[in-house]
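Respectively, the protein sequence lines represent chains E and G.
The first sequence: position 273 = 273 (the working numbering), numbered continuously.
Numbering-wise, the working numbering comes out as the position in the second sequence, counting from 1, plus 1000.
Using N, Cα and C, we set each Cβ at its ideal position, and we do this for glycine too.
Written out below as structure tokens is the structure these notes cover.
There are 2 protein chains.
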Amino acid sequence: MLEHLPDRVSVYEVSPRDGLQNEAAPIPLDGKKRLIEALILSGLTRIELTSFVSPRWVPQLADADELVRDVNAPEGVTLSALCPNAKGFERARAAGLAEIAVFMSASETHNKKNTNKSIDQSLSVFSEVVPPALEAGMRVRAYVSTVWGCPYEGEVDPKRALDISKRLLALGCYQVSLGDTIGVGTPLQTRRICRLFLDAVPAEKLALHFHDTRGTALANALVGVEMGFRDFDASVAGLGGCPYAPGAAGNLATEDLVYMLHGMGIETGIDLEKLIEAGRVAESVIGRRLPGKVHQAGLMRKRS
Amino acid sequence: MLEHLPDRVSVYEVSPRDGLQNEAAPIPLDGKKRLIEALILSGLTRIELTSFVSPRWVPQLADADELVRDVNAPEGVTLSALCPNAKGFERARAAGLAEIAVFMSASETHNKKNTNKSIDQSLSVFSEVVPPALEAGMRVRAYVSTVWGCPYEGEVDPKRALDISKRLLALGCYQVSLGDTIGVGTPLQTRRICRLFLDAVPAEKLALHFHDTRGTALANALVGVEMGFRDFDASVAGLGGCPYAPGAAGNLATEDLVYMLHGMGIETGIDLEKLIEAGRVAESVIGRRLPGKVHQAGLMRKRS
């Protein structure tokens, strides 16, 4: 076990989008910018800023256009945003983004509830988004959610997720991020899913996106690293999930992931002290405690 | 990875002792009994009830004698308590316990701060506790803490922990539980420590005791299971740690451990639904939210 660890892993930060979209009260634009600036300062080079969905559906992200225009990406930093459809893509392009992300579910019911489309309809919509984005010189990432389980259907056949992923890659997406959206995954299941995907798709075209709903996110990430995955999504301080059940249901905390990786000698390019500082900014911006463990405990300091 | 999983793992529950000893306000005796009864109902068969330390040092556990006399262990359930010295052992014997546990640190400074003894002094005290306990027909377990790191000394040489463990086993302890007391461990370090111990000591004489201070407890436990450990300490709902930093610094939550193990087809004999119920009792008894993830999220329920 742990005989085949990589030298480096890439972390894709989702807190400004996945973390803030569920907050009951929208966060002021200035707070979002402070969070993003702190994330960039920590050394994160891939950050998902927001989502170009309709403000009627997600009023928390109604400032997407302004936010993207206001944030400057330093050399080497890629900023992205979710785009559910052609209209979202046009807004992202107009705002000057170099990368966007499309998203859908591996389970029919969740896709319908989340996007009001069937899986085929989602793929059809993306076939009208991804090629124009590529022609405009942008990169497109894709999310496939509910790969480890669906809140409506229960178990999901990972072969369906693989089929969807292949179609998204065939459209021209550079990477598909596989999501344990409801945080039910356990390590053997993760190994099975990783193996299925790695047998069919090059590792660099894949990422893992764990939610820590039942505490297994980091153990699952460890399995993913060992199996050959090199790209992991995370959210600073575990920002995300339902604010009505603090501590539950959040994203894997970026600090916890980075702490584990650095502890195994795996580089991320991230300054963990500065990342913890970014988590404090997140907590200040959001106005409540956040569940990430390293966020709460900090690094070890010798006492006298 | 995960090619060599066992059919069964034994869970040693520490919440009544390790969980309650740090509470600012002592928990009423009746609340402790309700928690212990709920833990027994969940199928846990090894539970550490309390500590026979001086009430001057740990007033939270001043009711140890009465608690142990009041709790009845059903057939197949082993109850235990910490005993720091001969006086504690005599109290445990008088109260009718079949098992006790002794404890010390792998780092000199932590042992001194925690027990006011040098490591040699601790071993000397236990040489006057363990043999009489065995003669009285009791079993003795041992804890070695700070194996993954010391809050005063930083890194700890695991060879020192191994040497101490061998001496405790030579005294007649049936098992040594190795503790990441401050929750700094990462998986490669865990693999290194596990290998060192398993090369020198049979697995059944060893247990792992992780704190989830930095989120790595379950990932470390996964490494331990894979390496051959079959005994794990945990605390329901993550009870334990410092109540002034809720969510931080607690024990590995028993529900999270059991959820992961069951998800990999490893039996524990524990009914996870009833264990979650015991976590609710713990929360009610202690009067505050507890950090365990499965405790907060529950099992997956299909929505319609």
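At which residues does the alpha helix (DSSP H) containing R1046 of chain G begin and terminate?
One-based indexing of the second sequence puts residue 1046 of chain G at position 46. The continuous stretches of alpha helix (DSSP H) do not include R1046 of chain G, which lies in the beta strand (DSSP E) extending over residues 1046 to 1051.
N- and C-terminal bounds of the alpha helix (DSSP H) containing S1122 of chain G
Indexing the second sequence from 1 puts residue 1122 of chain G at position 122. Here the alpha helix (DSSP H) through S1122 of chain G covers 1119 to 1126.
Which residues, in chain order, does the region 1186 to 1214 of chain G contribute to contact with chain E at a C-beta distance below 7 angstroms?
Taking 7 angstroms as the Cβ-Cβ cut-off against chain E, the residues of the region 1186 to 1214 of chain G that qualify are T1186, P1187, L1188, Q1189, R1191, D1212, T1213, R1214.
Look at the alpha carbon of T45 of chain E and the alpha carbon of K274 of chain E, and state the distance between them as a whole number of angstroms.
Locating residue 45 of chain E in the first sequence gives position 45, where the first residue counts as 1. Locating residue 274 of chain E in the first sequence gives position 274, where the first residue counts as 1. Going by the C-alpha atoms only, they are around 14 angstroms apart.
Tell me whether L1299 of chain G is buried or exposed, calling it buried when 16 or more other Cβ atoms sit within 10 Å of its Cβ.
Locating residue 1299 of chain G in the second sequence gives position 299, counting from the first residue. Per the 10 Å Cβ criterion, exposed.
Taking 8 angstroms as the threshold (beta carbon to beta carbon), is V1223 of chain G in contact with chain E?
Locating residue 1223 of chain G in the second sequence gives position 223, where the first residue counts as 1. Answer yes: the Cβ-Cβ gap between V1223 of chain G and chain E drops below 8 angstroms somewhere.
Start-to-end residues for the beta strand (DSSP E) that takes in F232 of chain E
Sequence index remark: in the first sequence, residue 232 of chain E carries index 232 (1-based). Per DSSP, the unbroken beta strand (DSSP E) holding F232 of chain E starts and ends at 231 to 234.
Does the beta-carbon distance from V1184 of chain G to G1149 of chain G come in below 8 angstroms?
Numbered from 1 along the second sequence, position 184 holds the residue referred to as residue 1184 of chain G. Numbered from 1 along the second sequence, position 149 holds the residue referred to as residue 1149 of chain G. Yes, they are a contact pair.
Chain E beta carbons: is any one of them nearer than 8 angstroms to that of D1233 of chain G?
As a first step, residue 1233 of chain G must be located in the second sequence, where it is residue number 233. Not an interface residue.
Beta-carbon gap between S107 of chain E and Y152 of chain E smaller than 8 angstroms:
Here the question's residue 107 of chain E lines up with position 107 in the first sequence. Here the question's residue 152 of chain E lines up with position 152 in the first sequence. The beta carbons of S107 of chain E and Y152 of chain E sit closer together than 8 angstroms.
Counting only Cβ pairs nearer than 8 angstroms, list the residues of chain E close to V1294 of chain G.
Working through the second sequence from its first residue, we reach residue 1294 of chain G at position 294. Residues of chain E passing the Cβ test: R214, G215.
Once the 5 residues before and after T146 of chain E are set aside, which same chain residues still bring their CB inside 6 angstroms of it?
Locating residue 146 of chain E in the first sequence gives position 146, where the first residue counts as 1. In the same chain as T146 of chain E, and ignoring 5 residues on each side of it, the C-beta atoms closer than 6 angstroms to its own belong to S105, A106, S107, H110, V156, T181, in chain order.
Beta strand (DSSP E) segments (min. 3 residues) lying fully within the region 1093 to 1168 of chain G:
Runs found: 1099 to 1105, 1139 to 1145.
Note down, in chain order, every chain G residue with its Cβ under 7 angstroms from the Cβ of R303 of chain E.
Here residue 303 of chain E corresponds to residue number 303 of the first sequence, with the count starting at 1. Per Cβ cutoff of 7 angstroms: P1151, Y1152.
Rounded C-beta distance between A136 of chain E and L162 of chain E? I'm assuming under 8 angstroms.
In the first sequence, the residue the question calls residue 136 of chain E occupies position 136. In the first sequence, the residue the question calls residue 162 of chain E occupies position 162. So it is not a contact: roughly 29 angstroms between Cβ atoms.
Report buried or exposed for R1301 of chain G, applying the criterion of at least 16 other Cβ atoms within 10 angstroms of its Cβ.
Taking the first residue of the second sequence as position 1, residue 1301 of chain G is located at position 301. When all chains shown are included, R1301 of chain G counts as exposed.
For E1090 of chain G, which three-state DSSP category applies?
As a position in the second sequence, residue 1090 of chain G is number 90, starting the count at 1. Three-state result, E1090 of chain G: helix.
Considering only their Cβ atoms, is the gap separating L5 of chain E from E226 of chain E smaller than 8 angstroms?
Here residue 226 of chain E is taken as the residue at index 226 of the first sequence, counted from 1. Here residue 5 of chain E is taken as the residue at index 5 of the first sequence, counted from 1. The beta carbons of E226 of chain E and L5 of chain E sit closer together than 8 angstroms.
Identify the residues that DSSP records as bridge partners of Y12 of chain E: which are they?
One-based indexing of the first sequence puts residue 12 of chain E at position 12. Per DSSP, E:D233.
Contact under 8 angstroms by Cβ, L1252 of chain G with F1210 of chain G:
Here residue 1252 of chain G is taken as the residue at index 252 of the second sequence, counted from 1. Here residue 1210 of chain G is taken as the residue at index 210 of the second sequence, counted from 1. Taking 8 angstroms as the Cβ cut-off, L1252 of chain G and F1210 of chain G qualify as a contacting pair.
Proximal residues of chain G, C-beta to C-beta of D256 of chain E below 8 angstroms
If you number the first sequence from 1, residue 256 of chain E lands on position 256. The contacting residues are R1214, G1215, T1216.
Could you tell me how far apart the beta carbons of V140 of chain E and L134 of chain E are, in whole angstroms, since I believe they sit closer than 8 angstroms?
By 1-based counting over the first sequence, the position of residue 140 of chain E is 140. By 1-based counting over the first sequence, the position of residue 134 of chain E is 134. Contact annotation, V140 of chain E with L134 of chain E: C-beta distance approximately 7 angstroms; criterion of less than 8 angstroms satisfied.
Which first and last residues belong to the beta strand (DSSP E) in which V1176 of chain G is found?
Position 176 of the second sequence, counted from the first residue, corresponds to residue 1176 of chain G. Its beta strand (DSSP E) spans residues 1175 to 1180.
Quick one, which residues of the region 169 to 185 of chain E are near chain G if we go by CB-CB under 9 angstroms, in chain order?
When CB distances to chain G are screened at a threshold of 9 angstroms, the residues of the region 169 to 185 of chain E falling below it are I182, G183, V184, G185, in chain order.
Proximal chain G residues relative to L2 of chain E, where beta-carbon distance stays under 8 angstroms:
Counted from its first residue, the first sequence places residue 2 of chain E at position 2. Within 8 angstroms Cβ-Cβ: M1001, P1187, L1188, R1191, V1223.
If you measure from the beta carbon of A1101 of chain G to each beta carbon in chain E, is any gap under 8 angstroms?
Locating residue 1101 of chain G in the second sequence gives position 101, counting from the first residue. Proximity of A1101 of chain G to chain E, defined by a Cβ-Cβ separation below 8 angstroms, is not satisfied.
Grab me the residues of S1165 of chain G's own chain with a C-beta within less than 6 angstroms of its C-beta, minus the 5 sequence neighbours each way, in chain order.
As a first step, residue 1165 of chain G is located in the second sequence; it is residue number 165 there, counting from the start. Close CB contacts of S1165 of chain G within its chain, under the 6 angstroms cut and outside five residues either way in sequence, are with V1144, V1176 (chain order).
Where A253 of chain E meets chain G, residues with beta-carbon distance less than 9 angstroms:
By one-based count along the first sequence, residue 253 of chain E stands at place 253. Neighbourhood of A253 of chain E in chain G, by CB distance below 9 angstroms: G1215, in chain order.
Going by Cα to Cα distance, which pick from G:E1277, G:V1294, G:Q1296, G:P1291 is closest to L1041 of chain G?
On the second sequence, residue 1041 of chain G is found 41 positions in, with the first residue counted as 1. Residue G:E1277 is the option with its Cα nearest to L1041 of chain G.
Return helix, strand or coil for G247 of chain E, following the three-state DSSP convention.
To locate residue 247 of chain E, count along the first sequence from 1; it is residue 247. Residue placement at G247 of chain E is poorly supported in this model, since its pLDDT is 43, which falls under 50; the coordinates are not used for a value here.
Short-range partners of chain G found in the region 3 to 31 of chain E, where Cβ spacing is below 9 angstroms
From the region 3 to 31 of chain E, only E3, H4, L5 have a Cβ closer than 9 angstroms to chain G.
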